[in-house]
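> In my numbering, the protein residues as written are 1123 to 1413.
Below you can see the structure in the form of structure tokens.
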């Protein structure tokens, strides 16, 4: 894995490259960073793919000035791939990375081999006052430090808390679900990496708050310009990005498939059936290698 900063006509962009092979640009959610996508999609690097994971504008080493609007971010990512010498590549996005991913696929239809949207925002997203207040602890340095220590010393407790929040269940129910999931030891490492993608908070806050403003202003995205085969994955239990976002993308993108999954939240990795989900994602990208 390498972390670099590249100068583009739009401004500097920080990104990580993981693995080698057919390139997939992976766009993180909100808040997040390249670490988030490395945790979510590293399994693809074992099958002939390279992840190119930029920090979106406003996050860590990519200044907000490099791309303030969704369209500007798409242009920035297109420049990144061009500068890296990739004339053909796939795109994967999670949550808040969705709008820029959609615009990137529309901006360069001939360059994009596949588009994968996981629990992605695809239209105007409004946040209630309650939801906004819930995010405030994310940017408290003391809370961030405590969370980091939990990830290091009590990862099971942290993972149980993530499960309880995602499934909106009791502590007892979360503990029962954890017992089933903990057989996969990689989940503990996954939870640590997801937390690290939000720390330090002062490197994420600008991007996160700007994202929220941009998501509230979305009028329409360029679905009709996308020609790449598209896979849209959405959990029926997702409380952060509702299923109507996925349904809209499926309706508007001509060559798209929608996987609407029972028992899956905003974090598919926490599902008991994730191995099957992972195989479906892998198959989707491997098909692009045969073209």
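By construction, the Cβ of each residue, glycine as well, lies at the ideal position given by its N, Cα and C atoms.
Every value quoted in this text rests on a predicted model; they were computed, and no experiment measured them.
Spatial neighbours of residue 1132 within its chain, please: C-beta separation below 7 Å, excluding the five flanking residues on both sides.
Result list for residue 1132: 1188, 1189, 1194, 1197, 1198 and 1201, in chain order.
> For residue 1216, write down the residues that DSSP places opposite it in a beta bridge.
1240
> Tell me the DSSP bridge mates of residue 1143?
According to DSSP, residue 1143 bridges with nothing at all.
> Mapping DSSP to helix, strand and coil, what is residue 1191?
coil
> Quick one: Cα of residue 1146 to Cα of residue 1164, how far?
11 Å
> Do you know how far the Cα of residue 1144 is from the Cα of residue 1337?
Going by the C-alpha atoms only, they are around 31 Å apart.
> Cα separation between residue 1329 and residue 1298?
36 Å
> Starting from the N-terminal side, write out each stretch of the alpha helix (DSSP H) that is 4 residues or longer and does not extend beyond the region 1338 to 1401.
With a minimum length of 4 residues, the continuous alpha helix (DSSP H) runs that stay inside the region 1338 to 1401 are 1365 to 1374.
> Is residue 1262 helix, strand or coil when you go by DSSP?
In the structure shown, the three-state DSSP call for residue 1262 is coil.
> What distance in whole Å lies between the Cβ atoms of residue 1149 and residue 1215, which are believed to be in contact at a cut-off of 8 Å?
4 Å
> So, at 6 Å on beta carbons, what are the nonlocal neighbours of residue 1154 in its own chain, with the 5 sequence-adjacent residues on each side left out?
1319
> So residue 1354 and residue 1371 are supposed to be a Cβ contact under 8 Å. How far apart are they, rounded?
Under the criterion of beta carbons closer than 8 Å, residue 1354 and residue 1371 qualify as touching, at roughly 5 Å.
> From residue 1203 to residue 1171, what does the alpha carbon distance come to, in whole angstroms?
15 Å
> So, is residue 1268 buried or exposed, given that buried needs 16 or more other C-beta atoms within 10 angstroms?
exposed
> Is DSSP giving residue 1183 helix, strand or coil here?
coil
> Can you name, in chain order, every residue of its own chain whose Cβ lies under 6 Å from the Cβ of residue 1310, other than the five neighbours on each side?
1277
> From the DSSP secondary-structure annotation, give me the bridge partner or partners of residue 1211.
1234
> With a CB to CB cut of under 6 Å and the five nearest residues on each side skipped, what residues in its chain are close to residue 1379?
1353
> Between the Cα of residue 1246 and those of 1382, 1351 and 1366, spot the shortest distance and give me the residue it belongs to.
Closest by alpha carbon: 1366.
> Which two residues bound the contiguous beta strand (DSSP E) that contains residue 1152?
First-last for residue 1152: undefined, no H or E at that position.
> Tell me whether the beta-carbon of residue 1140 lies closer than 7 Å to the beta-carbon of residue 1161.
Result no, Cβ atoms of residue 1140 and residue 1161 do not sit closer than 7 Å.
> Given that a residue counts as buried once 16 or more other Cβ atoms are within 10 Å of its Cβ, and exposed if not, what is residue 1275?
exposed
> If you check the beta carbons only, do residue 1288 and residue 1389 fall under 7 Å apart?
In this structure, residue 1389 lies closer than 7 Å to residue 1288 by Cβ.
> Look at the Cβ atom of residue 1186, then the Cβ atom of residue 1332, and state whether they are nearer than 7 Å.
yes
> In terms of alpha-carbon separation, which member of 1270, 1221 and 1208 lies closest to residue 1334?
Considering only alpha carbons, the answer is 1221.
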